[in-house]
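Structure record follows, encoded as structure tokens.
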Amino acid sequence: MDKLALPEFQVRLSEKDGKTFIFDKVRKKHVALTPEEWVRQHFVNYLITAKHYPIETISNEVAIKLHNTSKRCDTVIFNTMLEPFIIAEYKAPHIEITEEVFQQILRYNMSLHARYLIVSNGLKHICCQIDYTQQTYKFLKEIPTYEEAIK
Numbered sequence: 145m146d147k148l149a150l151p152e153f154q155v156r157l158s159e160k161d162g163k164t165f166i167f168d169k170v171r172k173k174h175v176a177l178t179p180e181e182w183v184r185q186h187f188v189n190y191l192i193t194a195k196h197y198p199i200e201t202i203s204n205e206v207a208i209k210l211h212n213t214s215k216r217c218d219t220v221i222f223n224t225m226l227e228p229f230i231i232a233e234y235k236a237p238h239i240e241i242t243e244e245v246f247q248q249i250l251r252y253n254m255s256l257h258a259r260y261l262i263v264s265n266g267l268k269h270i271c272c273q274i275d276y277t278q279q280t281y282k283f284l285k286e287i288p289t290y291e292e293a294i295k
């Protein structure tokens with residue numbers, strides 16, 4: 145798999161029927177290893193180890209309803225009131241993060257109303273903070289730590 149602009153960590157891989165799986169410590173199970181999953185596992189590990197997000201606040205593959213259709217957010221992080229406050233979407237490293245890619249997470253946020261939106265392809269990470277009171281948004285230079293994000 146590709147080297148990413150994220151800290152390396154000890155991944156747990158397994159093989160079954162000729163397919164490779166990676167252990168997802170959030171879902172506590174092995175999942176099919178794809179380039180996007182490789183990014184997700186590294187990014188979630190980064191959030192937990194470098195940015196101090198409690199693993200209990202993180203959910204992967206969260207189902208949402210959007211215009212009478214079911215969609216899945218790659219990662220949703222919940223605050224202490226169990227409200228979604230961060231949505232993260234991942235792309236494979238070879239997928240460029242474009243406005244179209246960012247539109248996907250904006251559509252998902254119509255349902256969740258998260259304060260932070262993150263898109264990462266493992267090489268580039270974009271984080272947007274939304275202020276619903278002021279009806280403004282700003283792109284951040286860094287992913288906030290858990291303590292910064294919950295303020």
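Every position in the sequence shown, counted from 1, becomes a number in our numbering once 144 is added.
From the three backbone atoms N, C-alpha and C, an ideal C-beta is built for every residue, glycine too.
Check, Outcome
"DSSP beta-bridge partners of N204", "T219"
"Cβ neighbour criterion (16 or more within 10 Å) applied to Y281", "exposed"
"Rounded C-alpha distance that separates V263 from M254", "16 Å"
"Distance between T277 and N265 (C-alpha atoms, nearest Å)", "30 Å"
"Element boundaries [beta strand (DSSP E), containing E291]", "Counting along the chain, E291 falls outside any beta strand (DSSP E), though it belongs to the alpha helix (DSSP H) covering 290–293."
"Contacting residues, own chain, Cβ-Cβ under 7 Å from F167 (five flanking each side not counted)", "R156, H174"
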